[in-house]
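Colleague: In terms of my numbering, the sequence shown opens at residue 15 and continues consecutively. Glycine residues also receive a C-beta, built at the ideal position from the N, C-alpha and C atoms.
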Amino acid sequence: GYISSWELTLPHGVNLEISAVVDDKIVEKRTLPALPVHAELSTLEEVPRHNPTPPESADLTWRAGALPYTHAILAGHSYQDRPILALELTYPSRASQRKLALWKPTILITARQHANEISSTNAALETARNLATTEHEYLKYMNVILVPMENPDGAYLYSKLAKQNPKHLLHAARYTALGADMQTAIWQTDHPLTEGRVRRSLWSKWRPLVHVNDHGYAGHEWQQPFAGTVPYLFPGWSLPMGAVTIMMHTPSYEDLAQRFEHTIASVFNDLEPDIAIETSKALQQWKRYVGSSSAHVISGLPFLEIVNEKDVESMVFSQRHPSITHLTVVTELPDEGVDPEQLARCIRAHRAQHEGVIRAVLAELKRQGKQVDLQGLQLFL
15 GYISSWELTL
25 PHGVNLEISA
35 VVDDKIVEKR
45 TLPALPVHAE
55 LSTLEEVPRH
65 NPTPPESADL
75 TWRAGALPYT
85 HAILAGHSYQ
95 DRPILALELT
105 YPSRASQRKL
115 ALWKPTILIT
125 ARQHANEISS
135 TNAALETARN
145 LATTEHEYLK
155 YMNVILVPME
165 NPDGAYLYSK
175 LAKQNPKHLL
185 HAARYTALGA
195 DMQTAIWQTD
205 HPLTEGRVRR
215 SLWSKWRPLV
225 HVNDHGYAGH
235 EWQQPFAGTV
245 PYLFPGWSLP
255 MGAVTIMMHT
265 PSYEDLAQRF
275 EHTIASVFND
285 LEPDIAIETS
295 KALQQWKRYV
305 GSSSAHVISG
315 LPFLEIVNEK
325 DVESMVFSQR
335 HPSITHLTVV
345 TELPDEGVDP
355 EQLARCIRAH
365 RAQHEGVIRA
375 VLAELKRQGK
385 QVDLQGLQLF
395 L
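#1: What is the rounded straight-line gap between the Cα of L30 and the Cα of P69?
#2: Which residues in the same chain as A3 place their Cβ atom closer than 8 Å to its Cβ, once the five residues preceding and following it in sequence are excluded?
#3: Is it the case that the segment 128-137 contacts the segment 96-114, given that we only count it when at least three CB pairs across the two stretches are under 8 Å?
#4: Using 8 Å as the threshold, is the segment 206-215 in touch with the segment 89-99, meaning 3 or more CB pairs across them?
#5: Once DSSP output is grouped into helix, strand and coil, what is the label at N157?
#6: So which of N130, A199, L160, D204 has the shortest CA-CA distance to L175?
#7: Per DSSP, what kind of secondary structure is H340 in: helix, strand or coil?
#8: The alpha helix (DSSP H) with Y170 in it runs from where to where?
#9: Shortest alpha-carbon distance to W117 belongs to which of F248, D195, R221?
#10: Expressed to the nearest angstrom, what Euclidean distance is found between the alpha-carbon atoms of M163 and Q298?
#11: As an exercise, report each continuous beta strand (DSSP E) stretch of at least 3 residues that is fully enclosed by the segment 170-258, in chain order.
#12: Using C-beta distances below 6 Å, list every residue in its chain close to Y170, excluding the 5 sequence neighbours before and after it, in chain order.
#13: Classify K295 as helix, strand or coil using the three-state DSSP reduction.
#14: What is the DSSP secondary structure of D353, counted as helix, strand or coil?
#15: Please state the DSSP three-state secondary structure of L114.
#16: Let me check one thing: in DSSP terms, what residues is I123 bridge-paired to?
#17: In the structure shown, what three-state DSSP assignment does G79 receive?
#18: Taking contact to mean at least 3 C-beta pairs separated by less than 8 Å, is the segment 146-161 in contact with the segment 240-259?
#19: So, using beta-carbon positions, are D349 and G233 closer together than 7 Å?
#20: How many whole angstroms separate the CB atoms of L101 and L160, which I take to be in contact at a CB cut-off of 8 Å?
#21: To which residues of the same chain is L399 closer than 6 Å at the C-beta, ignoring the five residues directly before and after it?
#22: Could you tell me whether the Cβ atoms of L397 and S133 are closer together than 7 Å?
#23: List the whole-angstrom C-beta distance separating V344 from I289, where the pair is believed to meet the contact cut-off of C-beta under 8 Å.
#24: Just list the residues that DSSP pairs V35 with in beta bridges.
#25: With respect to the alpha helix (DSSP H) encompassing T141, which residues constitute its N-terminal and C-terminal limits?
#26: For V375, collect the residues of the same chain with a Cβ closer than 8 Å to its Cβ; drop the 5 residues on either side in sequence, then sort them by chain order.
#27: Please give the ranges of any beta strand (DSSP E) in the segment 279-331, keeping only runs that are unbroken, at least 3 residues long and fully inside the region.
#28: Using a Cβ-Cβ cut-off of 6 Å (strictly less than) and excluding sequence neighbours within five positions of W300, which residues of its own chain qualify?
#29: What separation, rounded to the nearest whole angstrom, lies between the Cα atoms of A53 and S71?
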């Protein structure tokens, strides 16, 4: 057999070297490094309201692993050898992983694919903390896997640039150390962008029903020379339009996507009514100055759908393997180049979108006849 990096947790300062021996000869060696944090844990109680650096994110994620029902793992490393940690939230917390993946649906939440879209790291950590404490009843019905910072190399560059120009969009730090999108490396085992393997390995391990891919966009109007302030390749994101949700799926799951949209919209309006109203106003302003949109609006919130037939070459789980992952839910908040107050609002909005997806999965379980009893939790279904 073999040991994958996510199956082994080593204390700070300890490395494990594994040798493969054939006919008394060592044919291969593999060194598994320690997690990049100290062994003495203090439980994660508060999530900061600023952009965490990669070391700070790793520390916060590891501390979240000390919470009930939560397991922090070293899921991989980036091209520049920065650690990428993940959180596995399950009930029971120490049951067979394969049985948990088989018996209950799994939601995979990935954050900071694009490093200048900053609010999703904080939101993912808050979602983990809430699920482990006040909302652990959800874990009786599903597993939730989170990666708070998928692109630590880009986040490192962003942290440096933001010290000089905190309100700039900083697209120079959007991608990886090689300037390519991390997503291009997900299905290529020999790609130098090793951070791309993390998402695939977690998908292979948990076979998620839904993938939530947290993103962001410009928090204010773009300014580019000779471009009339309309960004090349991103004209649809030239002005904030509030909290946007994109559903990616195949035609077979159109009805499922629509049910998710209505649940997400309902939950969002209940949890964050002020942000929902702001979104509705921003969308009207966007239409006035940019033009018509392909988004359809539910309870004041814009939803976009990207529907394609199954494609074995697609980088999107729900279109490459739709029978396993039915939906990819892309969340978009205007968190690029924002001040601390607006960042806090984007974090809250991401949290509401996460909550909407979780409750949409619960609604599907109830629709299929599953008895759902969440003591102490009010549902908006």
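Modeller: On the basis of the supplied data:
#1: Here residue 30 corresponds to residue number 16 of the sequence shown, with the count starting at 1. Here residue 69 corresponds to residue number 55 of the sequence shown, with the count starting at 1. When the Cα atoms are used, L30 and P69 turn out to be separated by approximately 22 Å.
#2: This structure cannot settle anything about residue 3, because the visible part of the chain is limited to 15 through 395.
#3: Touching, no, given that fewer than three Cβ pairs across the two stretches are closer than 8 Å.
#4: Taking a cut-off of 8 Å on C-beta distances, the segment 206-215 touches the segment 89-99, as three or more cross pairs fall below it.
#5: The residue labelled residue 157 in the question sits at position 143 within the sequence shown. Shown here, N157 sits in a strand according to DSSP, grouped into three states.
#6: For the purposes of this step, residue 175 is identified with residue 161 of the sequence shown, where counting begins at 1. Ranked by how close their Cα comes to the Cα of L175, the residues N130, A199, L160, D204 have N130 in first place.
#7: Against the sequence shown, residue 340 aligns to sequence position 326. It is coil, neither helix nor strand.
#8: As a working mapping, residue 170 is identified with position 156 in the sequence shown. Where Y170 is concerned, the enclosing alpha helix (DSSP H) starts and stops at 166-178.
#9: Counting from 1 along the sequence shown, the entry for residue 117 is found at position 103. Comparing Cα-Cα distances from W117 to each of F248, D195, R221, the minimum goes to R221.
#10: Start at 1 with the first residue of the sequence shown, and residue 163 comes out as number 149. Start at 1 with the first residue of the sequence shown, and residue 298 comes out as number 284. CA-to-CA, the gap between M163 and Q298 works out to about 33 Å.
#11: The qualifying runs are 224-232.
#12: As a working mapping, residue 170 is identified with position 156 in the sequence shown. Cβ contact annotation for Y170 (same chain, cutoff 6 Å, sequence separation greater than five): P68, in chain order.
#13: One-based indexing of the sequence shown puts residue 295 at position 281. Assignment of K295 by DSSP, reduced to helix, strand and coil, places it in the helix class.
#14: Locating residue 353 in the sequence shown gives position 339, counting from the first residue. DSSP places D353 outside both helix and strand once states are collapsed to three, so it counts as coil.
#15: As a working mapping, residue 114 is identified with position 100 in the sequence shown. Three-state DSSP puts L114 in a helix.
#16: Mapped onto the sequence shown, residue 123 falls at position 109. L160, V226, per the DSSP bridge assignment.
#17: By one-based count along the sequence shown, residue 79 stands at place 65. Coil.
#18: The segment 146-161 is not in contact with the segment 240-259.
#19: Against the sequence shown, residue 349 aligns to sequence position 335. Against the sequence shown, residue 233 aligns to sequence position 219. Yes.
#20: Your numbering for residue 101 matches position 87 in the sequence shown. Your numbering for residue 160 matches position 146 in the sequence shown. Contact holds; Cβ gap of about 5 Å.
#21: Since the first and last residues shown for the chain are 15 and 395, residue 399 lies out of range.
#22: In the structure displayed, the chain extends from 15 to 395; residue 397 sits before or after that span and is not available.
#23: Sequence index remark: in the sequence shown, residue 344 carries index 330 (1-based). Sequence index remark: in the sequence shown, residue 289 carries index 275 (1-based). The C-beta separation of V344 from I289 comes to about 18 Å, leaving the pair out of contact by the 8 Å criterion.
#24: The sequence position of residue 35 within the sequence shown is 21, counting from 1. V35 is bridged to I40.
#25: The residue given as residue 141 occupies position 127 in the sequence shown. Residues 133-146.
#26: Numbered from 1 along the sequence shown, position 361 holds the residue referred to as residue 375. Cβ within range, chain order: P119, I121, Y155, M156, L223, V224.
#27: Within the segment 279-331, the complete beta strand (DSSP E) runs of at least 3 residues are 310-312, 315-321.
#28: Stepping through the sequence shown from its first residue, residue 300 is reached at position 286. Around W300, the same chain offers L253, M255 as residues with beta carbons nearer than 6 Å, after the five sequence neighbours per side are excluded.
#29: Working through the sequence shown from its first residue, we reach residue 53 at position 39. Working through the sequence shown from its first residue, we reach residue 71 at position 57. Reliability of the predicted coordinates at A53 is poor, the pLDDT of 47 falling under 50, and the value obtained from them is presented with this limitation in mind. So the alpha carbons of these two residues sit roughly 16 Å apart.
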